[in-house]
Amino acid sequence: MTTTATRDHDRSLTSDCVVLGAAVGVFGIAFGVGSVAAGASIAMTCVMSLLVFTGASQFSAVSVIASGGGMLSALAGASLLAARNAVYGLAMSRRLTGALPTRLIAAQLTIDESTAMATARSESASIQRAFWITGLSVYVFWNLGTLLGAVIGTAVDPAAVGLDAAFPAGFVAMVAPHLRHRSGRWAGLIGALACLITIPFMPVGLPILCASVGVLVGVREP
Amino acid sequence: MTWTLVLTLSAIAYAFKVAGLVIVGGRTLPAVVDRCLGLVPAALISALVINDTLSSAGALVIDARVVGVGVAAVAAWRKAPFVVVITLAAAVTAAARALGVLG
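Residue numbers (our numbering), protein chains in the order written: chain A, 50 to 271; chain B, 27 to 129.
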């Protein structure tokens, strides 16, 4: 490969990773709006994005609180969703280079997007670049989006502009890639049904935990 | 929403990330655990879609959100970008509500 080709390749890798980060930023706006609508302050909303930094868990915690659930069920559902980052960490640990301090920073950036972009490459140098550029750009845009959403969120009526549908729509976009294989579809179907059946008689938040029964699909050999 | 929830969740989320990347490191988990953990997003996020589309204060309800999220699902399945999926859902829901479709 020529140097020019490598440089072009690097540039397109960088722009792919940054575009992904910017798209996630829009989702950050939806999170900021939803979080203040659920009664969180602007500061709590921003600290959550800075420190928790894993979208699905943050949305889950906020939607349980917004629908009237308690702290424990909000925490339990969000933690289950955060557990998958440990799996991403396992996948990345063999691919990422760097000493302990670097790894402690990399850990905070180990999320769906950075893992997906990095594990899609084969050369070590591209893997490192994809991981760090995606992780950092998602971090920057997610937090800017959150701040913007939290600030404008206090000024708009979420229902009038359909923002209450933006949350589930965001989840739809997040779950779609997981439903493209057979066992994912079964797990999703069982999880959705478990939740639907238990909504009318269980405390808010618990139906989401009941959905974890769907992961037992994985017990069977593929 | 409380600071206790925000900070506890922060600690738990970081603990999971560090556990995978730094502590467990190169070791491998039993294949069955790996498979089940890999299915957590499919099961839980599907449930969140149902919960946020069809429930309100602990009861099942059908309202304008169903229309918007339905359109979003079609868009997501056809691999529309994130931004398009979310914007469509919000716009369609707001329009359905303004027109009085499904209250």
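A virtual CB, placed ideally from N, CA and C, is assigned to each residue, including glycine.
As the structure is a prediction and not an experimental result, all values here were calculated from the model.
Closest Cα partner of residue i within the set the options
i	options	result
B:Arg123	A:Pro252, A:Ala214 and A:Ala115	A:Ala214
A:Thr63	A:Ser175, A:Leu265 and A:Asp161	A:Ser175
A:Gly88	A:Ile114, A:Trp191 and A:Phe180	A:Ile114
B:Thr119	B:Val109, B:Ala98 and B:Ala102	B:Ala98
A:Met223	A:Cys95, A:Leu130, A:Gln177 and A:Phe180	A:Leu130
A:Gly74	A:Thr183, A:Leu265, A:Asp206 and A:Ala204	A:Thr183
B:Gly46	A:Ser90, A:Gly117 and A:Arg143	A:Arg143
A:Ala132	B:Ile49, B:Pro67 and B:Val58	B:Pro67
B:Val48	A:Ser128, A:Cys95 and A:Thr146	A:Thr146
B:Val95	B:Gly84, B:Ala85 and B:Val110	B:Val110
A:Val67	A:Gly138, A:Gly81, A:Leu185 and A:Leu158	A:Leu185
A:Val24	B:Phe108, B:Leu70, B:Gly126 and B:Ala90	Residue 24 of chain A lies beyond the stretch modelled for chain A, which goes from 50 to 271, so this question has no answer here.
Classification of residue i by the beta-carbon crowding that lies within 10 angstroms, buried from 16 upward
i	result
A:Glu172	exposed
A:His58	exposed
B:Lys105	exposed
A:Ser61	exposed
B:Ala37	exposed
A:Glu162	buried
B:Leu114	buried
A:Thr51	Unreliable placement is indicated for A:Thr51, whose pLDDT of 49 sits below 50; the coordinate value is still reported in the next sentence. With fewer than 16 Cβ atoms within 10 Å of its Cβ, A:Thr51 is classed as exposed.
A:Gly240	buried
A:Pro217	buried
A:Ala204	exposed
A:Trp181	buried
A:Ala156	buried
A:Gly83	buried
A:Phe307	The displayed coordinates of chain A run from 50 to 271. Any statement about residue 307 of chain A would go beyond what the structure contains.
A:Pro207	buried
A:Arg152	buried
Anticipated Cβ contact below 8 Å, residue i with residue j, distance rounded
i	j	result
B:Pro61	A:Gly267	Here residue 61 of chain B is Arg; the residue named in the question, Pro, does not match the sequence. Yes, B:Arg61 and A:Gly267 are in contact; Cβ-Cβ is about 4 Å, under 8 Å.
A:Leu103	A:Ala140	Here the sequence assigns Thr to residue 103 of chain A, which means Leu is not the residue at that position. So it is not a contact: roughly 15 Å between Cβ atoms.
A:Leu69	A:Asn192	Incorrect: roughly 15 Å between the Cβ atoms, too far for contact.
A:Val187	A:Ile160	7 Å
A:Pro271	B:Asn77	The pair is not a contact, with the Cβ atoms about 28 Å apart (cut-off 8 Å).
A:Phe190	A:Ala71	5 Å
A:Met166	A:Ala179	4 Å
B:Ala102	A:Val221	5 Å
A:Val101	B:Leu35	5 Å
A:Gly233	B:Leu63	In fact, because the Cβ distance is near 13 Å, the residues do not count as touching under 8 Å.
B:Gly30	A:Met120	Checking the displayed sequence, the identity of residue 30 of chain B turns out to be Thr instead of Gly. Between A:Met120 and B:Thr30 the Cβ distance is about 7 Å, and since that is below 8 Å, they are a contact.
According to DSSP, residues forming a beta bridge with residue i
i	result
B:Leu86	B:Ser81
Per-residue DSSP class, three states only, for residue i
i	result
A:Met251	coil
B:Met27	coil
B:Thr113	helix
B:Val93	helix
A:His230	coil
A:Pro150	helix
A:Val189	helix
A:Asp65	helix
A:Ala209	coil
A:Glu162	helix
B:Val127	coil
A:Ala204	coil
B:Thr144	Given a span of 27 to 129 for chain B in the structure shown, any question on residue 144 of chain B remains unanswerable.
Any chain C beta carbon closer than 8 Å to residue i
i	result
B:Gly46	This model lacks chain C altogether, as its protein chains are A and B.
Cβ-heavy atom distance, residue i to the ligand ZN, below 7 Å
i	result
A:Leu185	This structure lacks the ligand ZN; in fact it carries no ligand of any kind.
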